[in-house]
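Numbering (the working numbering), first residue to last: 1063 to 1388. What follows is a set of notes on a single structure, which appears directly below.
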Ligand SMILES: [Zn+2]
């Protein structure tokens, strides 16, 4: 029997990751091996089709490394930063951290990327999902949110996003963009030049502009990794800055908890994941000290699938996400 594969693609504002999993092997779960994993910086220049082409090339290269061909890929799951637009029934990507057409903040004039149209030409079995929703699906199925009915997955990375799960259902909203929690307004901190912090979406004061990996250099004058390293070494000013970041994130987490009556929040994303010991206790304290009727019974935990949550998310989306049918 010829081996077949599913391809898992994770599109972020910074990097694209691709891996393959055996499609005709053991049942898919958190122990399923991610094969031929590769990562590249997200292409943000050239033709409108540059990003879908990059994904297709990376899948081809992953196949080659396993002595397989594209024909052996029987399905592709894509976990992508949003938001999306539906154009003639197909999803187009309008993420402000990739498309520069509206904001002028990127080196391209793309207003949207016809992700679904371009990928479907090559891979007819395709499921594209918002990355935080995909991660939520994977965490509920195989990770730290197993057994819950009221939960959220939050990614704290280049951007900030959420997948929301209430009464055993994934929340989607009028344009499928529910969970874009990064654009909730939480504060009014200024940048190092004493000007308003503006998000790629144009908002002032949203949590993505205040606390995301892309906003930290503007707010504190250094990349998030440097700030976290200084804080971990005990630098008092860096620790104060981390406290401010965690307060803004805690406001966002509390707001979601108050609105949705959550029992568990799982946290992932590179900013959180590499600095858990520093960030998790501050986030927990910042949420739990607020209105007890909202916060009692809530636990805030690291994602069970760790840094692979996006890859497993793409896989969970492709698996038809049985949760969606509930
Ligand atoms: Zn925003």
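By construction, the Cβ of each residue, glycine as well, lies at the ideal position given by its N, Cα and C atoms. Source: prediction; values computed, not measured.
{"query": "May I ask whether a heavy atom of ligand 1 can be found less than 7 Å away from the beta carbon of residue 1244?", "result": "yes"}
{"query": "By Cβ distance, which residues of its chain are closer than 8 Å to residue 1229, with the 5 residues on each side in sequence left out?", "result": "1211, 1212"}
{"query": "Please confirm if residue 1372 has its CB atom under 8 Å from at least one CB of chain B.", "result": "The question asks about chain B, but that chain is absent: this structure has only one protein chain."}
{"query": "Compute the minimum distance between the beta carbon of residue 1272 and the heavy atoms of ligand 1, and state whether it is under 7 Å.", "result": "no"}
{"query": "Starting from the C-beta of residue 1063, find all residues in its chain whose C-beta is less than 8 Å away, skip the five residues before and the five after it, and write them out in chain order.", "result": "1086"}
{"query": "Could you check the C-alpha separation between residue 1117 and residue 1140 for me, to the nearest Å?", "result": "10 Å"}
{"query": "Are residue 1223 and residue 1243 close, meaning C-beta to C-beta below 8 Å?", "result": "yes"}
{"query": "Please determine whether the Cβ atom of residue 1265 lies at a distance below 7 Å from any heavy atom of ligand 1.", "result": "yes"}
{"query": "Hey, which unbroken runs of the beta strand (DSSP E) at 3 residues or more fall wholly within the stretch 1313-1364?", "result": "1326-1330, 1361-1364"}
{"query": "For residue 1237, count neighbouring Cβ atoms within 10 angstroms of its own Cβ and tell me buried if that reaches 16, exposed if not.", "result": "exposed"}
{"query": "Classify residue 1147 as helix, strand or coil using the three-state DSSP reduction.", "result": "strand"}
{"query": "So, residue 1153 versus residue 1178, is the Cβ gap smaller than 8 Å?", "result": "yes"}
{"query": "Taking the Cβ atom as the reference point for each residue, do residue 1134 and residue 1067 lie within a distance shorter than 8 Å?", "result": "yes"}
{"query": "Count the other CB atoms within 10 Å of the CB of residue 1148; is the residue buried (16 or more) or exposed (fewer)?", "result": "exposed"}
{"query": "Can you list, in chain order, the residues of its chain whose CB lies under 8 Å from that of residue 1182, leaving out five sequence neighbours each side?", "result": "1152, 1188"}
{"query": "For the beta strand (DSSP E) that contains residue 1072, what are its first and last residues?", "result": "1067-1073"}
{"query": "In the DSSP output, what is residue 1152 paired with across the bridge?", "result": "1149"}
{"query": "Rounded to whole angstroms, how far is the Cβ of residue 1196 from the Cβ of residue 1079, which I believe are closer than 8 Å?", "result": "In fact, because the Cβ distance is near 12 Å, the residues do not count as touching under 8 Å."}
{"query": "Entirely within the stretch 1110-1186 and at least 3 residues each: give me those beta strand (DSSP E) ranges in chain order.", "result": "1135-1142, 1146-1149, 1152-1155"}
{"query": "Whose C-beta lies closer than 7 Å to the C-beta of residue 1292 among residues of the same chain, with five residues either side of it excluded?", "result": "1300"}
{"query": "Which of the three DSSP states is assigned to residue 1211 in this structure?", "result": "coil"}
{"query": "Say the cut is 7 Å; is the CB of residue 1310 nearer than that to a heavy atom of ligand 1?", "result": "no"}
{"query": "Under the rule that 16 or more other beta-carbon atoms within 10 Å means buried, what is residue 1373, buried or exposed?", "result": "buried"}
{"query": "First and last residue of the alpha helix (DSSP H) that includes residue 1199?", "result": "1193-1204"}
{"query": "Between the alpha carbons of residue 1185 and residue 1137, how many angstroms are there, rounded?", "result": "7 Å"}
{"query": "Please confirm if the stretch 1197-1206 is in contact with the stretch 1154-1165, defined as three or more CB-CB distances below 8 Å between the two stretches.", "result": "no"}
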